[in-house]
């Protein structure tokens, strides 16, 4: 156990809460020495001596042995985290976009410079999923990880399904409550879930997959027709991220809305909560559940990462370093619901199998099976079409 | 990572499943070299060369570097685990009764002989609660751990509440399914939950409390009157174990039935499942849920402990070794429901406060507050009285 001298980047609600908690902590000997902020003129409840706008005041300070990065911008975060590690400092970061894109380099930098990078705060807010996948579900038995990973889109869907609110009103509420990112597309189009899924996959199966190679589709195309369809069938629509084994040697992953039946654990995950179901041989399924968005839950997992550094913890990337890591495939069939208006749109999808078809003068839908690779090849096209797509479980 | 050469004690369903899985594991280099069984004449699906009835064939074998203890008897387990550690072998054990009673010595033996003892299998079957409390909820924020820790009594209560079965029939079913221990009192009178709670408290708050100093009361006195009372109030009765902070410096714990309202996560934990709610500042509450009884879930957590040893993991007992560990108190009031027939029985309880009272020619009940120390002082008397006691949440 060594004393932690912390340089903090970003001083929003999370940063401030963290500062207060560390001040009175009895179990962690950690002190925030310097805080780098963008806007020096904003009024803040902290001594002005601590504040700086110059990153070098932290990165160049040899006494600072832990950098905590809590800023929004992925590119700035990348440069801060990289430089910190190159200068021999360990880092705690919650920046999923940055981590998902640069994971291989981040692992390499840790090895090269003998430092640690912890980022439990980057996925599922306060639920310790990454660490459990790395440490506990650390053997051949794991078969899939399925979860609601984005608190803000889940909040929106809850308001729509429970309270009959419009999409726009629910989104506005989520933003007002501080659950939604500044760019809503990040949440509602499934990018946030996608980046988190990429990170979870590294620790679940030891595989790094570039985000652009994974299919993601969000909830912004959701219409009343789809909501009514789900309700009539006794289902709820939630935005689900999933990685799972296809066979012993391959895994597949996607982010998309899913029509959930009430018997599934994640059916009951409402509002800004996250829930993750971990399936394996022997233990069948386990469920972890907790607050997934908001400053305080994020703050608590940042604190857990800081405490872990106090005890010299690091991710070992055991599965990533194992020669048996599985291969990624998209050559598998997924059962989906597709709502569309124009036959032209429908034809993009090239269904392998159709089990139900409904047509009307308004909207049409099909339920059937489609190859994931097909979906991936038209991924950028989908948000522009008048369609909605959801996995059927 | 070192090769594990395992000596196994006990070869029931868990032991056999474990043997099969390790045979085909790709991620753990572990081999079971010897299996010590009680009855050498029982037919078993394993080469006879592996079997022995002489513990010394394992404990005296210098090549064996990990002892996995899966036997029922707590005294035998104690002697095996102790001797193994004294001879420099690390141990995986699931024996909660042994661990709860001998925890201080078990920690000391690990330190003295530089070995590790892992026992995630001892509490909550497949849910990694111990490791999460030790590693992740490892700071001042934790305020309480509340859970359904005994799969077999929960199975019985589910059958009674959902299917209207009698206590006797439900108990018989639980035993037939292999959920119940050979001595049902261990499960239904709350001893199993108590031992698990003692173990969780070590890793949650760093305090070792002798089991006899903690109040436990089970479900064997449950009557139709109590079941009807709960149903009328829209509640379910479950056997709950709880440890929580009273203030910054003290904790309190108990095991007893609790009248649960539907808004609580553990209200929905049914059949042989276990569920644990971890509460803390910042993250509010987290819920972990999974199978809590049965051979396979137990087997999976034993395997996780073996895998952890493969990566040289050990419990650090960070909170136990911290000078700030809180004190244990029973000087706190708990709100309870007490059903009784005789006023003499009622008077044992010395209620501090009564908010409801019901009398009839059949049964009477009160709802009120009682000091936990009072309950503890009459703990051995309670099962013999014609009463039922449950915490009101």
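Chains as they are written, first to last, in this note's numbering: chain E, 140 to 532; chain A, 140 to 532. We put the CB at the ideal spot given by N, CA and C, even for glycine. This structure is a prediction, so every number in the text was calculated from the model and none was measured.
Thinking residue i and residue j are a contact (beta carbons under 8 Å), I'd like their distance in whole angstroms, please.
i: residue 282 of chain A; j: residue 385 of chain A; result: The Cβ separation is near 10 Å, so there is no contact.
i: residue 378 of chain A; j: residue 292 of chain A; result: 5 Å
i: residue 268 of chain E; j: residue 260 of chain E; result: The pair is not a contact, with the Cβ atoms about 11 Å apart (cut-off 8 Å).
i: residue 215 of chain E; j: residue 173 of chain E; result: That belief does not hold up - the Cβ atoms of residue 215 of chain E and residue 173 of chain E are roughly 17 Å apart, past 8 Å.
i: residue 276 of chain A; j: residue 417 of chain A; result: 6 Å
i: residue 495 of chain A; j: residue 482 of chain A; result: Between residue 482 of chain A and residue 495 of chain A the Cβ distance is about 17 Å, and since that is not below 8 Å, they are no contact.
i: residue 317 of chain E; j: residue 431 of chain E; result: Contact doesn't hold; Cβ gap of about 13 Å is too wide.
Where does residue i fall in DSSP's three states?
i: residue 535 of chain A; result: Nothing about residue 535 of chain A can be read from this structure; chain A reaches only from 140 to 532.
i: residue 493 of chain A; result: strand
i: residue 355 of chain E; result: strand
i: residue 412 of chain A; result: strand
i: residue 220 of chain E; result: helix
i: residue 405 of chain A; result: helix
i: residue 261 of chain E; result: helix
i: residue 248 of chain A; result: helix
i: residue 619 of chain E; result: Since the first and last residues shown for chain E are 140 and 532, residue 619 of chain E lies out of range.
i: residue 316 of chain A; result: coil
i: residue 420 of chain A; result: coil
i: residue 255 of chain E; result: coil
i: residue 442 of chain E; result: helix
i: residue 239 of chain A; result: helix
i: residue 447 of chain E; result: helix
i: residue 522 of chain E; result: helix
i: residue 330 of chain E; result: helix
i: residue 530 of chain E; result: strand
i: residue 453 of chain E; result: coil
i: residue 139 of chain A; result: No information on residue 139 of chain A is available, as it lies outside the stretch 140 to 532 that chain A covers here.
i: residue 340 of chain A; result: helix
i: residue 288 of chain A; result: coil
i: residue 396 of chain A; result: strand
i: residue 463 of chain A; result: coil
Using a C-beta to C-beta distance shorter than 9 Å, which residues of chain E count as neighbours of residue i?
i: residue 191 of chain A; result: Ordered by position in chain E, no residue passes the 9 Å Cβ test against residue 191 of chain A, which lies about 27 Å from the chain.
i: residue 435 of chain A; result: 420, 421, 422, 423
Please work out which residues of its chain come closer than 8 Å, Cβ to Cβ, to residue i, disregarding the five sequence neighbours upstream and downstream, and give them in chain order.
i: residue 353 of chain A; result: 333, 336, 337, 392, 393, 394, 515
i: residue 372 of chain A; result: 398
i: residue 437 of chain E; result: 153, 233, 260, 264, 265
i: residue 434 of chain A; result: 151, 152, 153, 156, 317
Under 7 Å Cβ-Cβ, which residues of chain A neighbour residue i?
i: residue 275 of chain E; result: 267, 270, 443
i: residue 457 of chain E; result: 450
Report the neighbours of residue i on chain E: residues whose CB is nearer than 8 Å to its CB, in chain order.
i: residue 278 of chain A; result: 164, 166, 167, 442, 443, 446
i: residue 439 of chain A; result: 280, 419, 420, 421, 422
Going along the chain, which residues of its own chain have a beta-carbon closer than 7 Å to the beta-carbon of residue i, five neighbours each way excluded?
i: residue 210 of chain A; result: 148, 149, 216
i: residue 527 of chain A; result: 360, 361, 362, 365, 478
i: residue 484 of chain A; result: 524, 525, 526
Enumerate in chain order the residues of its own chain whose CB-to-CB distance from residue i is below 6 Å, with the five nearest sequence positions on each side excluded.
i: residue 196 of chain E; result: 173
i: residue 192 of chain E; result: 179
i: residue 489 of chain E; result: 513
i: residue 92 of chain E; result: Limits of chain E in this structure are 140 at one end and 532 at the other, which puts residue 92 of chain E out of reach.
i: residue 206 of chain E; result: 146, 223, 228, 230
i: residue 487 of chain A; result: 517
i: residue 248 of chain A; result: 224
i: residue 521 of chain A; result: 356
i: residue 446 of chain A; result: 167
i: residue 175 of chain E; result: 148, 191, 194, 197
i: residue 426 of chain E; result: 404, 416
i: residue 142 of chain E; result: 168
i: residue 256 of chain A; result: 230, 245, 249
* Please name the residues in the segment 459 to 473 of chain E whose beta-carbon is closer than 8 Å to at least one beta-carbon of chain A, in chain order. => 461, 463
* Taking a cut of 9 Å between CB atoms, which residues from the segment 140 to 170 of chain E lie near chain A? -> 140, 156, 160, 163, 164, 165, 166, 167
* Can you list, in chain order, the residues of the segment 399 to 430 of chain A whose Cβ is nearer than 9 Å to any Cβ on chain E? -> 404, 407, 414, 417, 419, 420, 421, 422, 423, 424, 425, 426, 427, 428, 429, 430
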